[in-house]
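Its first residue numbered 1, the sequence shown is counted upward by one per residue in the numbering used here.
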Amino acid sequence: MEYRFLVNSDPLLLLNLELADPQRAKAWGIDTINGLEKIEERLQLLSQVYPDYLQEIKRLDLTDTPSHLTTLWNLWLPLSLHLAQTRQQLNRPLIQGILGGQGTGKTTLCSMVSLILSHLNYQALSFSLDDLYKTYQERQNLLKTSPLLIWRGPPGTHDVELGIELIEQVKQAKSPILVPQFDKSRHNGEGDRIAPKVVERVDILLFEGWFVGVQPIQTELEDPLTKESNQRLYEYLPLWEKLDQLMVLLPQDYTFSKQWRNQAEQKMKRIGKAGMSEEQINKFVEYFWRSLPPELFITPLTDNTNLVNLIIEINSNHGINQVRTTN
């Protein structure tokens, strides 16, 4: 899909292409009655956003290819319009949860959606679960009682109260808002919390993380790390309850995470930054899988209509294979 094709196409043709994928059309609220209006709205937004989109592609060190433009048209633009509409209906700041494992494109999605929302006069804040990590000293103390938590990341390594406090500030439209930040480079890569970022206004909070919204399960578990992680998930439930909506970035195959992480590390090495070896990457990813096995903790969420409002299925090339709603 090319930009010239989109802007020069008959909106009716684009509508028919949209309706040819009934699940995606349903997810974006498009039907034969309102469809043409929604397509024209998206086209208008595309023309406004496109120059900034090209700059963002460069900033994120992504090569502008037709596949990115396809994602812009089929996902980032309609998702942004959906979030803006939901925010307007709420009449208060929207808290959108985004669940996605390593390499699923959470950062790129949040960056693009934030950019597009700014053209709709909404200020979005992209916030990661990673920024809620406990301090270096707190995690050192944690290791004494929970020696399985050798790396930051699994349930138990975050300050849940800090997250609740942030979301409450956003929901109440306070200004300024103090946003927690975590520097992963400190203490030889162990990381530590740094001074919060001051933000004046937040209309939409994009709260992303690898187990945002994940629920504890009652299944009998054998792995000690999985058992501990499952038990600690109960501590996070008050935080998840603050979410207005939750979308899931779902790989067609969870093993893609190793491939994507390897690609990211190779990219870092090409520009002179330190990166992990393939063996280190595999151990790192497998540690997260042991903590909360995706097939036990994430896949079942896609059938939970009370928790999840949107599922975005991703193929091995980071393309969007399917978009569907659970409603």
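Note that CB positions come from ideal geometry on N, CA and C, so glycine has one too.
- Rounded to the nearest whole angstrom, the C-alpha separation of residue 189 and residue 182 is 11 Å.
- Taking the Cα positions, residue 230 is about 14 Å away from residue 287.
- The C-beta separation of residue 19 from residue 35 comes to about 7 Å, placing the pair in contact by the 8 Å criterion.
- In this structure residue 103 is not in contact with residue 5, their Cβ atoms being roughly 29 Å apart against a cut-off of 8 Å.
- One Cα belongs to residue 137, the other to residue 227, and the distance between them is close to 24 Å.
- For residue 145, the enclosing alpha helix (DSSP H) starts and ends at 136-145.
- Under the 8 Å Cβ criterion, the stretch 238-246 counts as touching the stretch 90-109, having at least three qualifying pairs.
- Rounded to whole angstroms, the Cβ separation of residue 83 and residue 113 is 7 Å, and the two are in contact under 8 Å.
- Ranked by Cα distance from residue 110, the first of 44, 313, 127 is 127.
- DSSP, read as helix, strand or coil, puts residue 197 in strand.
- Boundaries of the beta strand (DSSP E) around residue 124: 124-128.
- Taking C-beta separations shorter than 7 Å and ignoring five residues to either side along the sequence, the partners of residue 27 in its chain run 310, 323, 324, 325, following chain order.
- Residue 202 counts as buried, since at least 16 other C-beta atoms from the protein chains shown sit within 10 angstroms of its C-beta.
- Between the C-alpha atoms of residue 160 and residue 54 there is a straight-line separation of about 37 Å.
- Take the alpha-carbon of residue 134 and the one of residue 79: they are about 32 Å apart.
- Boundaries of the alpha helix (DSSP H) around residue 237: 237-240.
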